[in-house]
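Read through the structure below, which is laid out as structure tokens, and then see the notes.
Residue numbers (my numbering), protein chains in the order written: chain H, 27 to 812; chain W, 188 to 452.
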């Protein structure tokens with residue numbers, strides 16, 4: 027631990043000393059810094075570019091808080107600011123000195139008219155060393171048709187290469203042949219342990235609250251860590267700082283309402299968004315009395331406020347709270363939900379050093395009520411974290427980023443609380459506490475205007491801490507228990523995670539990239555069924571469970587052509603995974619104190635090629651993504667220790683997304699997806715036992731579900747669009763040609779014909795839906811803004 | 188888990204307003220060679236007790252399983268008794284002649300088929316009484332009313348008890364393996380569902396047997412159920428861990444039995 031602080035101290039010290047050097051810059055160079063905003067709403071723009079007019083290679087990109095810093099030769103005095111969907115903004119410097127500039131961009135004046143591209147600088151997707159990353163266009167997301175008309179970030183990312191849905195209509199996803207729990211989902215920096223509502227049909231992210239989302243399919247920058255496969259970094263809107271806006275929507279099964287506006291004009295703003303489904307109203311119509319008596323809904327609230335306390339300081343407070351309630355008759359019920367809270371402080375130490383300090387809290391808990399047995403099962407997973415990130419913009423060629431994260435984890439595994447202890451006793455499993463620390467540093471350097479290298483390292487340190495009870499398992503099955511007191515550490519794991527990515531720009535619109543990264547994961551979700559549920563148990567790395575480790579190499583070719591109208595990329599990857607977890611036959615994962623005895627440890631490998639072709643501008647936009655991949659595992663006692671396809675293996679995965687603006691008021695869209703069915707174990711024969719025929723199984727995962735494919739279509743009609751008032755209607759049809767995609771496949775006995783057969787169940791046939799959306803804005807009174 | 192998946196299907200149907208459905212599906216299956224299957228049961232009740240020896244077959248064949256007629260089946264105990272079973276009724280159904288189940292003894296089953304001798308052991312556990320039998324009406328997931336039965340058992344404290352519940356209607360035993368252990372409720376009063384293949388009707392004579400089985404048999408049945416129960420979509424169904432050496436399909440279970448009979452009102 028001492029090393030950790032020492033390292034941190036060194037990093038800070040080096041920053042300060044670098045700082046000292048640059049305070050006395052050569053007179054030939056000046057530093058321009060500031061923030062880029064949306065001129066209409068006042069929202070900071072993430073990933074906007076600022077570059078010297080008519081010059082390739084001298085530019086900067088705004089960070090997660092809209093801040094940029096650019097050091098340029100003092101001979102240059104004209105800059106351009108660019109962000110997709112906005113008009114370019116020209117800056118003319120009137121003096122040769124370091125200065126701070128805040129720019130407000132206007133949304134592109136004529137969105138439908140083909141955007142004129144002034145190709146002075148190739149796009150960020152080409153020059154940036156980062157690969158395997160996709161920044162989502164949140165506005166475009168509104169056009170893509172989805173189940174029940176609920177716009178859904180997690181469903182949309184499943185249309186990208188290398189990202190596959192866990193199952194029908196499920197917001198769970200697999201990235202490059204990895205499991206759902208290997209994805210890190212961050213909402214304003216707070217990890218979200220369960221990102222799904224309604225047993226998986228919806229994600230917890232209300233589109234109205236989202237400003238920006240980036241998904242990293244591996245090779246993530248060193249600032250991220252803790253999961254093997256991917257990072258989905260979601261940033262909430264800060265709220266309109268210029269005028270009050272009230273918006274909302276009324277859908278078939280849910281409604282939304284949001285309000286945003288300035289706290290003090292141009293100094294601070296807030297946003298509150300809320301959603302509730304009313305699927306249970308449909309249940310009331312049912313003839314089935316059980317359904318009428320059932321409960322089924324979720325709600326969620328996002329809230330955020332920010333305030334600029336000075337020219338160099340800004341604070342943000344954001345939070346999410348959501349809950350699902352599901353009750354079947356009075357027999358059993360599940361209540362679960364997430365809460366997250368983030369408090370952040372942005373501080374600009376100088377025009378080159380930007381700091382963000384975050385305090386993060388997150389909590390996921392569930393209660394299962396089993397009334398027939400008079401028991402409740404309660405579980406909690408909770409984190410408190412402190413995070414510090416520093417962006418140091420050394421000069422236009424060098425950028426440093428470093429910081430630390432310290433997290434205290436608490437896991438309360440499913441506690442059984444009995445209402446009638448004469449029937450069943452309380453079962454209080456040991457609570458687990460973990461302390462996870464990470465410190466990282468990375469350096470991005472551009473060379474000869476052609477090469478960008480980003481290298482860094484993250485050091486992660488994890489230990490379980492007392493007070494808690496732990497187990498040692500002997501070969502002969504004997505279990506030895508040991509107790510740790512408060513402040514005592516169980517085994518500590520230290521993992522250096524090096525990362526490097528390189529891009530080489532052949533031409534300004536074409537590059538080749540390669541990357542290597544290592545990731546470690548110390549929290550693991552146990553789920554022995556094909557669908558992951560909110561109630562699946564999380565466990566920590568311990569003296570028995572080792573951290574999962576993945577090494578990934580990838581390489582790709584990226585090109586934009588026809589004035590950046592088209593984007594094409596091809597990426598290949600290979601990933602090795604250690605300390606993967608599987609389960610023994612008939613494993614008992616619930617209410618089991620020694621759950622570690624039910625686990626198997628093995629290795630994994632995943633490799634594939636991803637193709638992505640996108641038309642970015644014009645009336646007709648969309649993309650085609652195709653992935654050819656394999657994901658395999660090897661465990662000592664499974665399939666004679668040979669490689670077998672994992673649950674996350676899908677050979678082919680194809681998505682086609684098309685959007686067309688017929689008129690400025692009418693937009694139509696369609697998506698078609700196809701993927702190879704999941705690997706499964708079907709029977710290899712049948713035998714007679716317990717008075718009936720039963721299936722006999724062979725090796726694991728040697729069979730396949732039938733291929734999945736589905737077409738969805740949608741249309742949006744803008745009814746009215748005025749400066750202060752607009753409303754539209756969105757219609758979508760899910761599964762247009764009513765494909766009966768298999769959800770489960772069951773062995774059945776046909777007693778009448780003395781035979782057996784397989785039966786599939788499917789969830790949806792055609793599902794039409796309609797949503798009405800509205801938005802109006804009010805200028806705040808000049809004085810006394812309420 | 189079964190409840191959750193079923194809930195998802197019901198939920199989907201409720202939301203989509205057009206029912207989530209099921210449909211027969213043709214799958215291309217890999218076929219394994221026939222394997223030996225042994226089902227051995229021995230109890231403390233009057234014999235004869237039986238061992239069924241069959242073989243597995245292809246999925247697309249019918250459900251009639253021919254017995255293996257030329258096996259050598261021997262049960263012995265740790266008190267020096269040995270019994271070679273015979274098949275007086277049908278081929279493959281081997282019955283005991285002399286051996287009796289006694290609580291506390293350990294039994295050894297040997298079955299020789301085509302020159303291979305499969306062996307397994309099972310210990311007979313002390314019996315546990317059925318406190319009472321309850322009959323009640325319940326609406327199922329589809330909203331239909333069904334008559335169900337439960338037994339109430341007082342679990343002995345301080346020992347690991349494993350149970351199998353078998354019901355008989357018109358002398359026909361229930362199918363499948365309805366098993367429990369007292370991991371979560373040692374020494375408590377506990378209700379068990381009574382397995383029924385058909386709906387109970389007023390006037391039916393219902394006999395419920397409570398078998399005290401050993402842990403090895405419980406583990407086998409529990410693994411068997413977690414795999415068969417494919418409605419819960421286990422990620423990787425597999426045959427239960429074998430209880431025979433060398434391995435073959437099936438089990439051997441020695442059990443003490445208590446019983447209660449009621450007439451459904």
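All C-beta atoms in this analysis are idealised placements derived from N, C-alpha and C, irrespective of residue type, glycine included.
- Within its chain, find whatever has a CB closer than 6 Å to the CB of residue 636/H; leave out the 5 residues flanking it on each side and keep chain order. For residue 636/H, same chain residues with a beta-carbon under 6 Å away, outside a window of 5 residues either side, are 187, 188, 597, 653 in chain order.
- Query: In chain H, which residues lie less than 9 Å from residue 427/W when you measure between Cβ atoms?
  - Reply: What residue 427/W touches in chain H: 611, 612.
- Task: Indicate whether at least one CB of chain W lies closer than 8 Å to the CB of residue 617/H.
- Result: Yes, residue 617/H lies at the interface with chain W (some Cβ there is under 8 Å from its Cβ).
- Relative to the alpha-carbon of residue 274/H, which residue among 768/H, 766/H, 751/H, 515/H has its alpha-carbon at the smallest distance? Ranking 768/H, 766/H, 751/H, 515/H by Cα distance to residue 274/H puts 751/H first.
- For residue 344/W, count neighbouring Cβ atoms within 10 angstroms of its own Cβ and tell me buried if that reaches 16, exposed if not. Exposed, because fewer than 16 other Cβ atoms sit within 10 Å of the Cβ of residue 344/W.
- Query: When the Cα atoms are used, what is the spatial distance from residue 212/H to residue 218/H?
  - Reply: If you take the alpha carbons of residue 212/H and residue 218/H, they lie about 6 Å apart.
- Item | Span of the alpha helix (DSSP H) around residue 167/H | Residue 167/H -> alpha helix (DSSP H) spans 164 to 167.
- Task: Note down, in chain order, every chain W residue with its Cβ under 8 Å from the Cβ of residue 711/H.
- Result: Per Cβ cutoff of 8 Å: 218, 219, 221, 222, 243, 244, 245, 246.
- Message: Can you look up residue 807/H in the DSSP assignment and give me helix, strand or coil?
- Response: In the structure shown, residue 807/H sits in coil (DSSP, three-state: anything other than H, G, I, E or B).
- State yes or no: is the beta carbon of residue 104/H nearer than 8 Å to at least one beta carbon in chain W? Not an interface residue.
- Query: Taking the beta strand (DSSP E) that residue 575/H falls in, what are its first and last residues?
  - Reply: Unbroken beta strand (DSSP E) run through residue 575/H: 574 to 587.
- Opening and closing residue of the alpha helix (DSSP H) in which residue 182/H lies: For residue 182/H, the enclosing alpha helix (DSSP H) begins and ends at 179 to 183.
- Task: Express the C-alpha separation of residue 590/H and residue 108/H in angstroms, rounding to a whole number.
- Result: Rounded to whole angstroms, the gap between the alpha carbons of residue 108/H and residue 590/H is 14 Å.
- Three CB pairs or more closer than 8 Å across the segment 385 to 403 of chain W and the segment 432 to 448 of chain W: By the Cβ test, the segment 385 to 403 of chain W is in contact with the segment 432 to 448 of chain W, since at least three Cβ pairs between them sit closer than 8 Å.
- Query: If we ignore side chains and look at the alpha-carbon of each, how far apart do residue 569/H and residue 413/H end up?
  - Reply: Going by the C-alpha atoms only, they are around 27 Å apart.
- Query: By Cβ distance below 6 Å, which residues in the same chain neighbour residue 348/W in space, the five residues on each side in sequence not counted?
  - Reply: Same-chain partners within the cutoff: 342, 369.
- Query: Where residue 254/W and residue 661/H are concerned, what is the direct C-alpha to C-alpha distance, given to the nearest angstrom?
  - Reply: Looking at the two C-alpha atoms, the distance is approximately 36 Å.
- Task: For residue 722/H, go through chain W and note every residue whose CB falls closer than 8 Å to its CB, in chain order.
- Result: Within chain W, the residues near residue 722/H are 219, 222, 243, 426, 436.
- Task: Show which residues of chain H have a CB atom less than 9 Å away from the CB atom of residue 399/W.
- Result: Within chain H, no residue comes near residue 399/W; the closest Cβ sits about 18 Å away, beyond 9 Å.
- Query: Mind checking whether residue 488/H and residue 462/H have CB atoms under 8 Å apart?
  - Reply: Cβ atoms of residue 488/H and residue 462/H: closer than 8 Å.
- Item | Reduced DSSP secondary structure (H/G/I, E/B, other) of residue 226/H | If DSSP states are grouped into helix, strand and coil, residue 226/H belongs with the helices.
- Pull up the DSSP beta-bridge partners for residue 349/W, would you. Answer by DSSP bridge pairing, in chain order: 368/W, 400/W.
- If residue 223/H sits next to residue 348/H, beta carbons under 8 Å apart, how far is it from one beta carbon to the other, in whole angstroms? Yes, they are in contact, since the Cβ atoms of residue 223/H and residue 348/H sit about 7 Å apart, within 8 Å.
- Query: Looking only at C-alpha atoms, which of 87/H, 60/H, 245/H sits nearest to residue 72/H?
  - Reply: Minimum Cα distance to residue 72/H is reached at 87/H.
- Task: Starting from the N-terminal side, write out each stretch of the beta strand (DSSP E) that is 3 residues or longer and does not extend beyond the segment 741 to 806 of chain H.
- Result: Uninterrupted beta strand (DSSP E) stretches at least 3 residues long and entirely within the segment 741 to 806 of chain H occur at 751 to 760, 770 to 776, 781 to 788, 793 to 804, given in chain order.
- Task: Would you please state the rounded distance, in angstroms, between the beta carbons of residue 535/H and residue 152/H? I believe it to be under 8 Å.
- Result: Confirmed, Cβ separation roughly 6 Å.
- Message: Let's test the definition: count the other Cβ atoms within 10 Å of the Cβ of residue 417/W and tell me whether it reaches 16, buried, or not, exposed.
- Response: With a pLDDT of 44 at residue 417/W, under the threshold of 50, the predicted position of this residue should be treated as unreliable, though the coordinate-derived value follows. It counts as buried.
- Message: Considering Cα atoms alone, identify which of 455/H, 63/H, 800/H is closest to residue 620/H.
- Response: Of the listed residues, the one whose Cα sits closest to residue 620/H is 455/H.
- Under 7 Å from the C-beta of residue 376/W: neighbouring residues of chain H: What residue 376/W touches in chain H, judged by beta-carbon distance under 7 Å, is 448, 449, going in chain order.
- Item | residue 407/W in three-state terms, based on DSSP | Of the three classes helix, strand and coil, the one that applies to residue 407/W here is helix, per DSSP.
- Provide the residue span of the beta strand (DSSP E) that contains residue 638/H, from first to last. It spans 625 to 641 - the beta strand (DSSP E) in which residue 638/H sits, taken as one unbroken run.
- Message: Assuming residue 310/H is part of the alpha helix (DSSP H), what are its boundary residues?
- Response: Counting along the chain, the alpha helix (DSSP H) containing residue 310/H begins and ends at 305 to 310.
- Would you list, in chain order, the members of the segment 771 to 790 of chain H that have their beta-carbon closer than 9 Å to a beta-carbon of chain W? For the segment 771 to 790 of chain H, the beta-carbon criterion of a distance under 9 Å to any beta-carbon of chain W is satisfied by 771, 772, 773, 774, 775, 776, 777, 779, 780, 781, 782, 783, 784, 785, 786, 787, 788, 789, 790.
- Query: On the three-state DSSP scale, how would you describe residue 153/H?
  - Reply: Note: residue 153/H maps to helix in three-state DSSP.
- Query: Can you tell me whether DSSP reads residue 282/W as helix, strand or coil?
  - Reply: Strand at residue 282/W.
- chain W contact for residue 276/H (CB, 8 Å cutoff): With 8 Å as the cut-off, residue 276/H does not count as an interface residue toward chain W.
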